[in-house]
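Participant:
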DNA sequence: CCATCATGCAACCAGATGGTTGCATGTGAC
DNA sequence: GTCACATGCAACCATCTGGTTGCATGATGG
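And the structure:
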């Protein structure tokens, strides 16, 4: 009986364009250092670091220290949980609204 | 050629437990007034109103004035867009990571 | 060793957020 | 008309957020 975890923090973590862009860069499945991830953004390394910490706290990403750099990589679990949540609710809405449309209620 | 809209604002709107709860109440497919939606929350009507406005701006919900009350109901489009986005990225991650695991890269 | 590179930490800042209270306004019911 | 009810609007507040700068620290590589 999987305790259904609250999806709000993951959604909050995904609710920022910079973080979505970071995730898309991490989507190659490899791990990347902070300076590496900072390249191409018009942002300071520290700003990117803060975003990465947000993603880390939400469980979307994991950080491992290797030598003098900390490398970040994707941890897919929490995002697929969020995906499943959205799939459930939107399926329920489709069903409910479809049923209502039949009955011509509002 | 559907212009792919930025999913971040929808995720941000979903990134709050109160708003998720509001959405779950609206999930019955009917429209509800603000005072009606406020019942059961330990919040002021105005706080709930603000949350509803956030959901409205993100396109998750629509508001129609009827008589002296404004009734809110679900607008499923943006949420299914967000759902599709998550489905795409998590499918891509699964595939990428699976391929990497075969090659034993890191 | 020493310079360099990647990072961490702390202070600071402006603006957004989540909440409150108080009051004004519009509509419905008698 | 008038009273009550549902809402809107504005001010205010504390905290969070997204960003900066400056400096300290810890590995790396000659």
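Chains as they are written, first to last, in my numbering: chain A, 1343 to 1448; chain B, 1343 to 1448.
For glycine and all other residues, C-beta sits at the position ideal for the given N, C-alpha and C.
Here the structure is a predicted model, which means the values were calculated and not measured.
Between the stretch 1420–1431 of chain B and chain A, which residues of the former have CB atoms less than 7 Å from a CB of the latter, in chain order?
Facilitator: Correct list: 1421, 1422, 1424, 1425, 1428, 1429 and 1431.
Participant: Show which residues of chain A have a CB atom less than 8 Å away from the CB atom of residue 1389 of chain B.
Facilitator: Walking along the second chain from the start, residue 1389 of chain B turns up at place 47. Neighbours of residue 1389 of chain B on chain A: none; closest Cβ ~16 Å, over 8 Å.
Participant: What does the alpha-carbon distance come out to for the pair residue 1349 of chain B and residue 1386 of chain A?
Facilitator: Sequence index remark: in the second chain, residue 1349 of chain B carries index 7 (1-based). Sequence index remark: in the first chain, residue 1386 of chain A carries index 44 (1-based). So the alpha carbons of these two residues sit roughly 24 Å apart.
Participant: Have a look at residue 1375 of chain B and residue 1366 of chain B and give me their C-alpha separation to the nearest angstrom.
Facilitator: Taking the second chain and counting its residues from 1, one reaches residue 1375 of chain B at position 33. Taking the second chain and counting its residues from 1, one reaches residue 1366 of chain B at position 24. Their backbone Cα atoms lie some 15 Å apart in a straight line.
Participant: Just the chain A side, please: which residues come within less than 7 Å of residue 1442 of chain B by C-beta, in chain order?
Facilitator: Taking the first residue of the second chain as position 1, residue 1442 of chain B is located at position 100. What residue 1442 of chain B touches in chain A: 1371.
Participant: Between residue 1404 of chain B and residue 1412 of chain B, what straight-line distance do the alpha-carbon atoms span, to the nearest angstrom?
Facilitator: Within the second chain, the letter at position 62 stands for residue 1404 of chain B. Within the second chain, the letter at position 70 stands for residue 1412 of chain B. Whole-angstrom Cα-Cα distance: 10 Å.
Participant: DSSP on residue 1448 of chain A, reduced to helix/strand/coil?
Facilitator: Here residue 1448 of chain A corresponds to residue number 106 of the first chain, with the count starting at 1. With a pLDDT of 44 at residue 1448 of chain A, under the threshold of 50, the modelled position of that residue is not reliable, and no figure is offered here.
Participant: In three-state DSSP terms, what is residue 1387 of chain A?
Facilitator: Within the first chain, numbered from 1, the residue matching residue 1387 of chain A stands at position 45. In the structure shown, residue 1387 of chain A sits in a helix (DSSP, three-state: H, G or I).
Participant: DSSP on residue 1407 of chain A, reduced to helix/strand/coil?
Facilitator: Residue mapping note: residue 1407 of chain A aligns to position 65 of the first chain, counting from 1. Three-state DSSP puts residue 1407 of chain A in a strand.
Participant: Would you say residue 1352 of chain A lies against chain B (beta-carbon separation less than 9 Å)?
Facilitator: The residue given as residue 1352 of chain A occupies position 10 in the first chain. Yes, contact with chain B.
Participant: Would you call the stretch 1416–1427 of chain B and the stretch 1418–1432 of chain A touching, i.e. three or more CB-CB distances under 8 Å?
Facilitator: Segments in contact, yes.
Participant: By how many angstroms is the C-alpha of residue 1378 of chain A removed from the C-alpha of residue 1351 of chain A?
Facilitator: The sequence position of residue 1351 of chain A within the first chain is 9, counting from 1. The sequence position of residue 1378 of chain A within the first chain is 36, counting from 1. Going from the Cα of residue 1351 of chain A to the Cα of residue 1378 of chain A covers about 26 Å.
Participant: Apart from the five residues on each side of it in sequence, which residues of its chain come closer than 8 Å, Cβ to Cβ, to residue 1448 of chain B?
Facilitator: Counting from 1 along the second chain, the entry for residue 1448 of chain B is found at position 106. Reliability of the predicted coordinates at residue 1448 of chain B is poor, the pLDDT of 45 falling under 50, and the value obtained from them is presented with this limitation in mind. So the qualifying residues of the chain are 1442.
Participant: Distance cutoff 9 Å, beta carbons only. Does residue 1358 of chain A sit that close to anything in chain B?
Facilitator: For the purposes of this step, residue 1358 of chain A is identified with residue 16 of the first chain, where counting begins at 1. Residue 1358 of chain A counts as touching chain B.
Participant: In the DSSP output, what is residue 1414 of chain A paired with across the bridge?
Facilitator: Here residue 1414 of chain A refers to the residue found at position 72 of the first chain. Partner(s): A:1374 and A:1405.
Participant: Using the beta-carbon of each residue, which ones in chain A are nearer than 9 Å to residue 1436 of chain B?
Facilitator: As a working note, residue 1436 of chain B is residue 94 in the second chain. By Cβ distance, chain A contributes 1418 and 1422.
Participant: Sorted by chain position, which residues of the same chain lie with C-beta nearer than 8 Å to residue 1392 of chain A's C-beta, five sequence neighbours on each side aside?
Facilitator: Counted from its first residue, the first chain places residue 1392 of chain A at position 50. Contacts found: none.
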